[in-house]
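Just so you know, the working numbering puts 67 at position 64 of the sequence shown, and the rest follows in order with no gaps. Beta carbons: idealized from backbone N, C-alpha and C, even for Gly.
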Amino acid sequence: MNTPQTQQTKRTFRVIALLGGLFLVIGVILRLSGLLITATFAMALAGGVGLLLGLIGMATAQRMKPK
């Protein structure tokens, strides 16, 4: 049984993971096309970190049990 709080937490981390993945993909595409090398690397790095945090958060929310 999921509480509304657990559902909200899962949803939040899912959004973080999606945004992180989006930034990562955009950063890699721009990097491969040779545009904005430093800024794009920072964007891809931030996207990768966001994706990782989102996935960790989703896994944690999945294991949370209502009291």
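Simplified DSSP assignment, three categories, for Met4
Model confidence at Met4 stands at a pLDDT of 49, short of 50, so the residue's coordinates are unreliable and nothing is read from them.
Leaving out five residues on either side along the sequence, give the residues of the same chain with a beta carbon under 7 angstroms from the beta carbon of Leu27.
Here the set comprises Ala47, Gly50, Gly51 and Leu54.
Three or more C-beta pairs below 8 angstroms linking the region 8–19 and the region 29–36:
Here the region 8–19 does not lie against the region 29–36, with fewer than 3 beta-carbon pairs under 8 angstroms apart.
Buried or exposed: where does Ala62 fall if 16 or more other Cβ atoms within 10 Å of its Cβ makes it buried?
Label assigned to Ala62: exposed.
Output the distance between the C-alpha atoms of Ala20 and Gly60, rounded to the nearest integer angstrom.
Going from the Cα of Ala20 to the Cα of Gly60 covers about 9 angstroms.
Please classify Ala45 as buried or exposed, where buried requires at least 16 other C-beta atoms within 10 Å of its C-beta.
So Ala45 counts as exposed.
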